[in-house]
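A short write-up of the structure that comes next.
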Amino acid sequence: MSIEESTTDPGLVVEEATAEVLTLARTWLAWDGRPRLAEEGARLYTPHKAVRRYADHLVDHLAQVEALLAGVPTRPNGWFESAVTTPADLAPFTEADLVEATERLTRLSRTFRLRLLTAGPDEWDRARGAEWTLREIAAHVGDPWYARQVGDLRPER
């Protein structure tokens, strides 16, 4: 969904991205344990890392939205982001992990969407200096890029 298509509900794009992440994640039960090289060729991704980074991305930008609405500076980012692959990122991706990711990401993306709906249309495109508008933030977060780096791992037929 483009920014223009999200005129009545910019948070919908976030929930749609989460649905795609979870569709891909359901295929990750077949993961062979080998990290995947990202399309830009500089970073490795695994199922756990894709879930972690997507959740962190939602948290980061939800905090940004809250700070913008409160009129206070956004807390500086201190994550390692995708620069590190942790030992936990390399663990097998199990049914329990899929359930946990589904609950975590569904609730988090829904919270993001509801926050934007609560802020209302008057806030979505309001200029805030050098900061993105709330609609632009939603469009940025509404990209399942991390999950796409792992991809669809359904066994070939």
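The sequence shown: position 107 = 107 (UniProt numbering), numbered continuously. Even for Gly, the Cβ is constructed at its ideal location relative to N, Cα and C.
| query | result |
| --- | --- |
| Helix, strand or coil at ARG75 according to DSSP, with G and I counted as helix | coil |
| Contacting residues, own chain, Cβ-Cβ under 6 Å from GLU20 (five flanking each side not counted) | PRO144 |
| Reference LEU98; option with closest CA among ALA50, PRO10 and GLU123 | ALA50 |
| Secondary structure of LEU29, DSSP reduced to three states | helix |
| Same chain only: Cβ atoms within 7 Å of GLU95, ignoring 5 sequence neighbours per side | LEU29 |
| Where VAL72 falls, given that 16 or more other Cβ within 10 Å makes a residue buried | exposed |
| Between the CA atoms of ARG75 and GLU4 - distance to the nearest angstrom | Low confidence applies to GLU4: its pLDDT is 47, below 50, so where it sits in the model is not reliable enough to give any reading. |
| ARG113 (DSSP reduced to helix, strand or coil) | helix |
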